[in-house]
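A.B. asks: Residue numbers (the working numbering): 4 to 344. From the three backbone atoms N, C-alpha and C, an ideal C-beta is built for every residue, glycine too. Starting off with a structure, shown below.
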C-alpha cells in the first residue's frame, strides 16, 4: 500500500496544485463567496470521511435547538433525489441520504434539508416561515462558495491530517494548510483517557494558529440498543449470538465495542445501499438472531428487515476536557451574530 501511494504522489501533487489555485482564487475574490446575516456553522474535515461529522453535528443541535430555530443543510450523499429537498413526513433515507434522515428522525423540532448547492439550499431555507435562526452545514468545509461565520474542523485521532497526503496518494481533499480557515479544531475519536502529554504532542503536530482553539473528543456509546418500538440493555444480549452490521467508513471501533464470542460481523462500504439480494441474505443469516447496526445504517435498513430483530446502537460526541469552553464559544458566536443581524 505504501509503495502504491508513493507511485501516486505525482498525481497528488497535481491535485494539490488544482485545489490550491481554487482556494487562492476564493481568497483573492476572483471566485465569489456569498455571506448571509444568519449565523452559519460549518462542520467538516480535510479528509474523505470517518472523522465523526454526524455526532458532532448532533452535539450542536442539542446545544442550540432549545434556544434557537435550527436547520441543518447537507449534500445528501448517495440520495436518489436532486436539487433542494426539505425533509417531511414522506421523507426517507433514499430521498435525502442516511445522515440527514437520521437528523430528521432524531430531532423533530429542527428543519432538515439537502442540496449539493449550499448557497441555493441556504436561500431556500431562509424563505421558510418561521425562518431558521441558525444554520448547521454538514460536510461543507470545502464548499467555498458560501462563507460561513464559524468553521469546525474535525480530524480523527488515529488519522490526523498532519500525517496524511492529498488524494489520490492519501485521503485529504486539500492540503493541511486548509486547516487555517478553521475557527476551532477538534481531534475526534480519541481514547477517553487521553493524557495531557498526548494532547500536547498532537497540538504540536497540528500547530493551530494562536486564534484557533483545539479540543479533544471521544465517541461515547449508549448502553442500550433501540428500534422503532423497543430498547434493550446491550449487556442483556451478551452470550447470545448476534449479527453485527456496519456500512460506515471506519467500523472497527464499533465492532470492538459490540462483538462478543460467537457474533458475526458483516462489513459494507460507507453509505452502502442494501440491494434486495443482500437483504434476503441478511435475513437468512440472522434467522432467530438479533441484528445490531449503527444508527446511520439503521436509517437505510429500517422497514427492510424484521423490526423485532433489528436494533441500532446510538453514539454521541463527548469532550475529554474544556467542553464547557467549547459550548460557550459556540453560544457566544450565535448570540453575537444574531445581535449584529
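1. Below 6 Å CB to CB, which residues in the same chain sit around residue 271 once its five sequence neighbours on both sides are set aside?
2. Identify the continuous alpha helix (DSSP H) that holds residue 331 and give its terminal residues.
3. Any idea what DSSP makes of residue 103, helix, strand or coil?
4. The beta strand (DSSP E) that contains residue 141, what's its start and end?
5. Who are the Cβ neighbours of residue 223 in its own chain at under 6 Å, not counting the five residues just before and after it?
6. Take residue 168 and list the residues in its own chain whose beta-carbon comes closer than 6 Å to its own, dropping the five residues that flank it on each side.
7. Is residue 90 closer than 9 Å to residue 62 when the C-beta atoms are compared?
8. Suppose the cutoff is 6 Å on Cβ atoms and the five residues either side in sequence are ignored; what does the same chain contact list for residue 345 look like?
9. Can you give, in chain order, each stretch of the beta strand (DSSP E) that sits fully within the region 272-305 and has at least 3 residues?
10. Residue range of the beta strand (DSSP E) that residue 188 falls in?
11. Using the rule of at least 16 other Cβ atoms within 10 Å of the residue's Cβ for burial, across every protein chain shown, is residue 20 buried or exposed?
12. Just to confirm, is the Cβ distance from residue 315 to residue 288 under 9 Å?
13. Out of curiosity, what's the CA-to-CA distance linking residue 204 and residue 133?
14. Whole angstroms are fine: how far does the CA of residue 76 sit from the CA of residue 326?
15. Decide if the region 42-51 is in contact with the region 146-160; the criterion is three or more beta carbon pairs, one per stretch, under 8 Å apart.
16. With DSSP as the reference, label residue 132 as helix, strand or coil.
17. Let me check understanding here. Comparing Cα to Cα, which of 150, 258, 229 and 337 lies closest to residue 32?
18. Ignoring anything shorter than 4 residues, give me the alpha helix (DSSP H) runs that lie fully in the region 33-113, in order along the chain.
19. Taking residue 306 as the reference, which of 277, 189, 332 and 290 has the closest Cα?
20. Quick one: measure Cβ to Cβ for residue 140 and residue 330, integer angstroms, because I've assumed they're closer than 8 Å.
21. Under 9 Å between the Cβ atoms of residue 176 and residue 35?
22. In the DSSP assignment, find the unbroken beta strand (DSSP E) run with residue 236 in it and report its ends.
23. By the DSSP assignment, the beta strand (DSSP E) with residue 197 in it spans what residues?
C.D. replies: Walking through what the data contain:
1. In chain order, 250 place their CB closer than 6 Å to the CB of residue 271, counting only its own chain and leaving out the 5 sequence neighbours on each side.
2. 326-343
3. helix
4. 137-141
5. 319 and 321
6. 15
7. With a cutoff of 9 Å on beta-carbon distance, residue 62 and residue 90 are scored as not near each other.
8. No statement about residue 345 is possible, as the shown extent of the chain runs from 4 to 344 and does not include it.
9. 293-297
10. 187-191
11. exposed
12. The Cβ atoms of residue 315 and residue 288 lie no closer than 9 Å to each other.
13. 46 Å
14. 24 Å
15. yes
16. coil
17. 150
18. 56-67, 96-99 and 101-109
19. Closest in alpha carbon position to residue 306, among 277, 189, 332 and 290, is 277.
20. Not confirmed; about 19 Å, so no contact.
21. no
22. It spans 234-236 - the beta strand (DSSP E) in which residue 236 sits, taken as one unbroken run.
23. Neither: residue 197 is in no beta strand (DSSP E) and is coded neither H nor E.
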